[in-house]
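Position 24 of the sequence shown, counting from 1, maps to 602 under the numbering used here, and the rest follow consecutively.
Glycine included, C-beta positions come from ideal geometry on N, C-alpha and C.
In this text, all values refer to a predicted model and were calculated from it rather than measured experimentally.
Notes to accompany the following structure.
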Amino acid sequence: MAMTHVAVGLALAAPVALVAPDLAPAALAGSLAGGVFPDLDMVVGEHRRTLHVAEAYALSAVVCLALAAVVPSALSTAAAAFFVAATLHPIFDLAGGSTEARPWEAATNRGVYLRSAGGWVAPRRWIRYDGAPADFALAVVLAVPGLVLYGPTVRAGTVALLVVGALYTLARKRIPQLSGRVELPVPPVLTAVVTVVSFFRR
């Protein structure tokens, strides 16, 4: 659901673009980063577990939203948007399919690992799998603010996102999902971040 997570970032920043246009770039940058950050555990760690820490993101979002309301700035706005988007990420994952190579087969019930639930929570499968036509349709709806409220650069990026999403949807069942640990060179900084987060994963 990578395209949908990015589209969520576009939608989250929309209210800021309407009420505080000067803070819109910060909100957009924060929400886009927060929307994709949890999926870095596809590269290192365990996908939908290591960095899908919904509870920690939610607590951080409350704190940062309060800070942004009291002291509105580019930094506080970006931080609030980041954590709100990161909180929504595992929720959207739960609405989709399981974390497996062929999620349309529904061979497992591993949706997202929630610490508060004490283990893996079963996916709802309202969207059958990432890259399903319904997933793309949701991304299109969520991307509308990117086409309406922002400048030409963001609009072009949104169009590119939708084109990639359409191609991914067409090819989804022909390509393996990046699920679990993938052996790729990992920057030391990312390794350090994941190590710290992993300490709190139980």
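Close Cβ partners of residue i (< 8 Å) along its chain, the five nearest in sequence each way excluded
i: Val742; result: Met581
i: Pro593; result: none
i: Leu596; result: Leu727
i: Ala652; result: Leu601, Pro603, Ala604
i: Ser757; result: With a pLDDT of only 42 at Ser757, under 50, the local geometry of the prediction cannot be trusted, and the value read off the model is given with reservation. So the qualifying residues of the chain are Met620, His625, Thr677, Glu678, Ala679.
i: Arg733; result: Gly724, Leu725
i: Arg750; result: Tyr707, Asp708, Gly709, Ala710
Cut-off 7 Å between Cβ atoms - residues of its own chain near residue i, not counting five sequence neighbours on either side
i: Pro763; result: Bear in mind that the predicted position of Pro763 carries a pLDDT of just 47, short of 50, making it unreliable; the figure below should be weighed with that in mind. Contacts found: none.
i: Ser654; result: Cys642, Leu645, Ala646
i: Trp704; result: Ala673
i: Phe661; result: Gly612, Tyr635, Ser638, Ala639, Cys642
i: Ala591; result: Ala602, Ala605, Leu606, Ser609, Ala659
i: Arg550; result: Residue 550 falls outside the range modelled here, since the chain spans only 579 to 780, and no answer is possible.
i: Pro616; result: Leu629, His630, Ala664, His667, Pro668
Exposed unless 16 or more other CB atoms sit within 10 angstroms - verdict on residue i
i: Gly729; result: exposed
i: Arg780; result: Here Arg780 scores only 49 on pLDDT, less than 50, and its place in the model is too uncertain to base an answer on.
i: Thr747; result: buried
i: Thr736; result: buried
i: Arg688; result: buried
i: Val649; result: exposed
i: Gly696; result: exposed
Cβ shell of residue i (< 6 Å), same chain only, five flanking positions each side left out
i: Glu761; result: Residue placement at Glu761 cannot be trusted, given a pLDDT of 46 that sits under 50; the coordinates are not used to answer.
i: Val699; result: Gly689, Val690, Leu692
i: Ala585; result: Ala717, Leu720, Ala721
i: Ile753; result: none
Opening and closing residue of the beta strand (DSSP E) in which residue i lies
i: Gly834; result: An answer regarding residue 834 cannot be provided, because it is not within the stretch 579 to 780 covered by the chain.
i: Gly697; result: 697-699
The alpha helix (DSSP H) enclosing residue i, as first and last residue numbers
i: Val594; result: 580-597
i: Leu692; result: Careful: Leu692 lies outside any alpha helix (DSSP H), inside the beta strand (DSSP E) at 690-692.
i: Gly612; result: 602-614
i: Asp713; result: 711-720
i: Ser654; result: 652-673
i: Ala634; result: 632-648
Beta-carbon separation (whole angstroms), residue i vs residue j, contact threshold 8 Å
i: Leu588; j: Ala721; result: 6 Å
Pairing CB atoms from the region 733-747 with CB atoms from the region 580-596, are three or more of them under 8 Å?
Pairwise C-beta distances place the region 733-747 in contact with the region 580-596, as three or more of them are shorter than 8 Å.
Take every Cβ of the region 697-717, pair it with every Cβ of the region 674-688, and state whether three or more of those distances are shorter than 8 Å.
In short, these stretches touch, since the Cβ pair count reaches three.
For the region 619-632 against the region 596-605, are there 3 or more C-beta pairs whose distance is under 8 Å?
Here the region 619-632 makes no contact with the region 596-605; the two share fewer than three CB pairs at distances below 8 Å.
Flag this pair as touching only if the region 608-620 and the region 656-671 have three or more C-beta atom pairs under 8 Å; answer yes or no.
Yes: at least three Cβ pairs fall under 8 Å.
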